[in-house]
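For reference, the structure is listed below as structure tokens.
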């Protein structure tokens with residue numbers, strides 16, 4: 001099995017703050033999720049969309065769609081299904097509401113995987129789980145956390161071999177904090193578009 005090659009776009013969130021399903025979001029006349037997949041296409045040949053229900057599968061014209069095995073547990077539910085479906089050992093994970101895909105940064109992250117099971121970044125003193133790489137070896141631990149009702153994705157960092165790219169490191173190399181932009185509200189969208 002190859003180390004890299006698989007990516008998942010998480011599209012199963014509740015979108016409660018946005019007021020509509022974020023997986024249908026349109027920016028500059030293009031569906032954001034379609035733009036994301038197109039950008040990831042240059043790095044990955046196995047791209048999965050993760051959804052929270054069988055009904056939602058029909059909304060996407062895409063070959064590989066993973067339906068959450070475990071419902072109502074946030075991104076962990078989508079990640080288990082996608083990790084099981086992934087063709088490579090390491091899975092790149094990004095939510096459907098992150099509009100900035102920096103392929104150079106993704107390639108930079110890959111260099112750190114080695115024996116690590118997770119690779120993520122730090123910003124403003126906090127861990128940023130996305131964009132990130134996650135290994136298939138995490139599946140039983142994620143299942144265990146869900147069984148313990150520990151639904152925060154951050155819980156998996158504590159019991160895994162995790163590499164955190166520090167803010168000073170990615171800034172020193174000229175990467176922008178734009179890569180961590182999340183569009184959670186209509187105000188976020190307006191602010192993001194005002195800079196484009």
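Residue numbers (full-length UniProt numbering): 1 to 196. Ideal Cβ placement from N, Cα and C applies to all residues, glycine included.
query	result
Three-state secondary structure (DSSP) at residue 189?	helix
Taking the alpha-carbon positions, what's the residue 186 to residue 12 distance?	18 Å
Rounded to a whole number of angstroms, what is the C-alpha to C-alpha distance between residue 106 and residue 55?	31 Å
In angstroms, rounded to a whole number, what distance separates the CA positions of residue 33 and residue 158?	30 Å
Do the CB positions of residue 142 and residue 80 come within less than 8 Å of each other?	yes
Okay, do the segment 99 to 118 and the segment 59 to 69 touch, 3+ Cβ pairs below 8 Å being the bar?	no
According to the Cβ coordinates, are residue 122 and residue 70 closer than 8 Å?	no
Once DSSP output is grouped into helix, strand and coil, what is the label at residue 183?	coil
Compare the beta carbon distance of residue 119 and residue 138 with 8 Å and say whether it is the shorter of the two.	no
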